[in-house]
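Asker:
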Amino acid sequence: MPKLTIDGRTVEVAAGTNLIEAARAAGIEIPFFCYHPYLTVVGQCRICMVEIQGQPRLAVACATPAAEGMVVKSETSERAREAREAVMEFLLANHPLDCPVCDQAGECLLQDHSMEEQRATFTTHMTETRRTFPGYESRLIGPHVIQNQNRCIHCSRCIRFTQEISETSALTYKSRGNSTFIDTFDGKPFEDPMSGCAADVCPVGALTIRGFRFRKRAWKLRSTPSICPGCSIGCNIFIEHHERVVYRFSPRENPGVNATWLCDYGRFLAESLNEQAYLHPQRRVSGQLARATWGEVLSALSTELKAARSLRVVASANLSNEELYLARELFGRHLKGEIVVPVFPGEPRRMKNGKRECLTSTDAHPNSHGARRLGLATVDGEGLVRFLRGATGTTVILDPSAHPSLASEEALQALGRGPLVAFARAKHPVADLAGWLLPTPSLASNEGTFVSSTGSVQRFAPAFAPPGTVHRTATGAMSPTCPTIASPWGPPGEARPLWVVLSSLVREMGVATLDLSSPADVFALMARTEESFAGLDWEELGGQREQSSYRERQHVG
Amino acid sequence: MEAVLLRARGVPDSRVIATYLAAGGYEGWKKALAMAPDAVTREVTDSELRGRGGAGFPTGRKWSFVPKDHPGPRYLICNADESEPGTFKDREIIEHDPHQVIEGIAIASYAVGAKTAYIYIRGEFVRWARILEEAIEEARRAGFLGKNVLGSGFDLDVWVHRGAGAYICGEETALLESLEGKRGFPRLKPPFPAVVGAFGKPTVVNNVETLACVPHIMTRGAHWFASIGRARNTGPKLFSVSGHVNRPGVYELPLGVTFREIIYEHCGGIRGGRKLKAFFPGGTSAPIMTAAEVDVQADFDACGQAGTMLGSGGVIVLDETVDMVEAAANVAHFYAHESCGQCTPCREGADWCKDVLDRMVEGHARAADPETLLRICRFSSSGMTICPLGDAYALPISSMVNKFREEFDRRIGTATPLPQKKLPVLPWAGPRPGFGV
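So the sequences go chain by chain: A and B.
Residue numbers for the first sequence follow my numbering, so the first one is 64 and each next one is one higher.
Residue numbers for the second sequence follow my numbering, so the first one is -2 and each next one is one higher.
(1) At a Cβ threshold of 8 angstroms, is T243 (chain A) touching chain B?
(2) Where does the unbroken alpha helix (DSSP H) through T413 (chain B) begin, and where does it stop?
(3) First and last residue of the alpha helix (DSSP H) that includes I102 (chain B)?
(4) With a CB to CB cut of under 7 angstroms and the five nearest residues on each side skipped, what residues in its chain are close to S80 (chain B)?
(5) Leaving out the 5 sequence neighbours to the left and right, which residues in its chain are closer than 6 angstroms to A454 (chain A) when beta-carbon positions are compared?
(6) Give every residue of the same chain whose Cβ lies closer than 7 angstroms to the Cβ of V109 (chain B), excluding the five residues on either side of it in the sequence, and list them in chain order.
(7) Output needed in chain order: residues of the stretch 99 to 114 of chain A with a Cβ under 8 angstroms from some Cβ in chain B.
(8) Looking at A497 (chain A): is its Cβ nearer than 8 angstroms to the Cβ of H428 (chain A)?
(9) Using beta carbons (cut-off 8 angstroms, strictly below), is E386 (chain A) in contact with chain B?
(10) Tell me the rounded alpha-carbon separation between S125 (chain A) and L325 (chain A).
(11) Please name the residue or residues paired with Y236 (chain A) in a DSSP beta bridge.
(12) Within the same chain, show all residues whose beta-carbon is closer than 6 angstroms to that of G293 (chain A), passing over the 5 residues directly before and after it, in chain order.
(13) May I ask you to verify whether the stretch 559 to 571 of chain A touches the stretch 361 to 371 of chain A, counting CB pairs closer than 8 angstroms and requiring at least 3?
(14) Got a sec: does the ligand PLP put a non-hydrogen atom nearer than 7 angstroms to the Cβ of T341 (chain B)?
(15) Under 8 angstroms between the Cβ atoms of L469 (chain A) and V493 (chain A)?
(16) Would you report the Cα separation of W562 (chain A) and S581 (chain A), rounded to the nearest angstrom?
(17) In chain order, which continuous runs of the beta strand (DSSP E) of length 3 or greater are located wholly inside the stretch 291 to 323 of chain A?
(18) Should the stretch 309 to 317 of chain B be called in touch with the stretch 235 to 250 of chain B, which here means at least 3 C-beta pairs below 8 angstroms?
(19) Quick one: Cα of Y613 (chain A) to Cα of Q167 (chain A), how far?
(20) Taking only three categories from DSSP, how would you classify K198 (chain B)?
(21) DSSP on D154 (chain B), reduced to helix/strand/coil?
(22) Considering only residues of the stretch 96 to 160 of chain A, which uninterrupted beta strand (DSSP E) runs meet the minimum length of 3 residues and lie entirely inside it, listed in chain order?
(23) Determine the DSSP secondary structure at C337 (chain B), reduced to helix, strand or coil.
(24) Taking 8 angstroms as the CB-CB cut-off, is C166 (chain B) touching chain A?
(25) Which residues share a DSSP beta bridge with P233 (chain B)?
(26) Chain B beta carbons: is any one of them nearer than 8 angstroms to that of S611 (chain A)?
(27) What residues from the stretch 130 to 161 of chain A come within 7 angstroms of chain B, judged by C-beta to C-beta, listed N to C?
(28) Going by DSSP, what residue range makes up the beta strand (DSSP E) through P405 (chain A)?
(29) Which of helix, strand or coil does DSSP assign to P502 (chain A)?
(30) Using the DSSP secondary-structure output, state which residues sit across from G276 (chain B) in a beta bridge.
(31) Tell me, please, whether the stretch 0 to 15 of chain B touches the stretch 245 to 264 of chain B by the rule of three or more beta-carbon pairs shorter than 8 angstroms.
(32) Can we say the stretch 233 to 245 of chain A touches the stretch 332 to 339 of chain B, given the rule of at least three CB pairs closer than 8 angstroms?
(33) DSSP puts M397 (chain B) in a beta bridge; with which residues?
(34) In its own chain, which residues sit with a C-beta less than 7 angstroms from the C-beta of R194 (chain A), not counting the 5 before and 5 after it?
(35) Can you give me the C-alpha to C-alpha distance between R180 (chain B) and G194 (chain B), rounded to a whole angstrom?
(36) Around the C-beta of S224 (chain B), are 16 or more other C-beta atoms found within 10 angstroms, so that it is buried, or is it exposed?
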């Protein structure tokens, strides 16, 4: 554990830590562009120059390991400041100053450092014609990534990402010297399963994501820590949203699961969170669905469920542990129903963690491991159809997207035979059969925990309140940042998270032990009563409501 | 001085192994095989041989950095990527006496324990790559290379690897990358190649001329070698002299000879009886020296004290007709083209220098230009870049600006402003259909 002094602050760090990380530990920010904590160090941007006592030359902080007794000067060294200013000047000499029309503006390292590092009096000495790459200003290099080579600062992060993390070596340098540019290897399309990360690691606007380009300014986005719903790996993400619209997912650092990576499949699920096909609770009256209020629904439904001859419940591995627990207790233990959790294998997905170990998904659900931990029976597609055929009374479907088999002809035939209660968000054929159709909101309005395939219990926070509820800020006021663009109430409707509906049903039925008012309370009960969740604490699972995501992510992408 | 490295120049059939053997060839190799590897290294250390590629690092010390207890292979690489402008000495050695180089490689490989050696030769040197390949084949057939060399139990394979035409691949770590089949980008140091080199194994990279000196040290002894030249700058050195002299060419002279002797005695003075204006002592990467500095001794230490470097010994002589701004632009063009593009100051700076100098040459100099050049050069050199290519362009250009400032200032006095580019004017097409009124 070497102890060193940086700008007069003494800090003790683990052996092998480089000076950038050591300075971070001491609360000092050393600028960098090419350095990335999960990629190899190349030391080629030269912005992280520091002065080390006893060394005649400046050293790059990224490639210098902390040593015992080292005395480093970063901000306090006039030489280092001059050198950084010169490197900034070199980088900006050929960088188009098109920040107003650049989609990276607001989350651009070059922009930040030029604001922070360069003195107000500094003017560039560059008076020559700027280098340009005609034809490379807006080039779609793959299905998701657009390249603007004029903005590239040649940090090689994207190249190293494709070499070391996605292992496709899809991107490479071409040409030499000042004409060096990034291109796909052999000119093939950039069809990398993690191509979005190449744009993430790009510190400037040279690589941007096609789907997000020009949709929202980065500084308008608010970020909520969440978990990717794409597969069982459980990559940590930020849901980035503005006025109750989800614009994108971006990876959130977690060395144990996804380091700072996210696959394209998961990343581009973000758009689907905005879908809300069913807005109000509905009840089928003489063959037609009619709008009802939640008050009517809860009392009528609890009576109906209590009176049901038998109860079969199709839960889902997409539900949170709290929802699965409430469903198990309410439908299974209290109403003596039968519950299954269908599990769909899906396409295999891979992710690399911080130690570059490969994680593989077991199925296409974020919480199949949680369902198993709660002792719920899992079935495959055929088993699900058999389960539905065996129904003699009421069937409850908690999430129609639980398995593609639910939309199959056999399943629908079986469901048409008896009374059906369905919770749904996106358009699904079971809605045409349901006696009760109850809208649920997306993951972005829900709160709870998932269990990842690595076995860790991870919490996701609600990005915004469910549709139709009044959204209040910390000061108590409604938060229409710009009421002319989007309604402060977000999308219309009255969708409610499943845990809200289940706990309301519990209250309606008068099950005192389950009368809980938040997922945190449900989790606390689980931690007391469930062996597999024993000793876990909701607060310690992370997932604060809001995080300053840009500062968080700046370090890594 | 008797010819040592160039003794085969002018000898008929000098490349054939029989000629080389008749002149006492491979005796050093035989002698080395009878010694312990450490003793060979010690002999080279005692001779005070310094690397002839440009940096002048003591060769024996470089060899001794290779970890003794390292398991697995080690490599010796002969750097024949001679690309420094004005340098053509290695080519001369290979042309006349390839076996001298191969013997040097063999002795060095034995000293550092390498069983595989590579000759990384510049891609353009097709003829000399063939010469080396033929010589290696001859040496192998004669038993000087291959399995169980001369019954000593030591195995050695030598391979010729042709580069793909980049100046930067003469830098030892870029050379290693290129040898591994990658893009020729210099590596961050440390680790140094002696610890982590080619294919991640300990590697020694030596220049052709350095290795050519080694057989002579073995046969004639370290003391003989150290007696040539002066203290700490020992041995014969090849100077490739080009430019405005009467007899350009490669000259073998002891280190410590003055540039005046090289230019005026050996090369017959300046072409056409004109006056000397300036000269590069060691290729264009070395800071330029003026006519007033012609009495400086041509060795590593004296050049260092004079604020320049001996480099590869490529003396480029410029007479009074040379315009320094044009010369600087010429130098800048070379380095802007050869910068690998990896680190910021060199990639952006070399090209920027080139643009400024081109504009000055075209007669559009601005008042701030000399200071801009000095600023670019200041922040491209002394540790601002991964490899010395930053220094290689920054030091000569800044020395030219500093030493011949009046020529740069004269350009400003006579400059005309850069003609403004006329922007295309869009013709007014009137209200376009579909856009309303």
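The beta-carbon is built from N, C-alpha and C at its ideal position, and this holds for glycine as well.
Answerer: Let me spell this out:
(1) yes
(2) No alpha helix (DSSP H) contains T413 (chain B), which DSSP labels as neither H nor E.
(3) P95 to V109
(4) R119, Y164 and G167
(5) R375 and G481
(6) W60, V63, R71, L73 and V201
(7) V104, V105, G106, Q107, C108, R109, I110 and M112
(8) no
(9) no
(10) Checking the sequence, you will find Cys at residue 125 (chain A) rather than Ser. Near 25 angstroms, if we compare the C-alpha coordinates of L325 (chain A) and C125 (chain A).
(11) A:I245
(12) Y328, G329 and L332
(13) yes
(14) Inclusion of the ligand PLP in the displayed structure is not the case, the ligand content being empty and no account of it being possible.
(15) yes
(16) 8 angstroms
(17) 299 to 305 and 308 to 314
(18) yes
(19) Residue placement at Y613 (chain A) is poorly supported in this model, since its pLDDT is 43, which falls under 50; the coordinates still yield a value, given next. For Y613 (chain A) and Q167 (chain A), the distance between alpha carbons rounds to 12 angstroms.
(20) coil
(21) strand
(22) 112 to 115 and 134 to 136
(23) coil
(24) no
(25) B:P251
(26) At S611 (chain A) the pLDDT is 43, less than 50, meaning the model places this residue with poor confidence and gives no usable figure here.
(27) A146, A149, V150, F153, L154, A156 and N157
(28) E401 to P405
(29) strand
(30) Residue identity check: residue 276 (chain B) is Phe in the sequence provided, not Gly. In DSSP, F276 (chain B) forms a bridge with B:M286 and B:V314.
(31) yes
(32) yes
(33) According to DSSP, which records beta bridges pairwise, M397 (chain B) is partnered with nothing at all.
(34) N157 and N241
(35) 15 angstroms
(36) exposed
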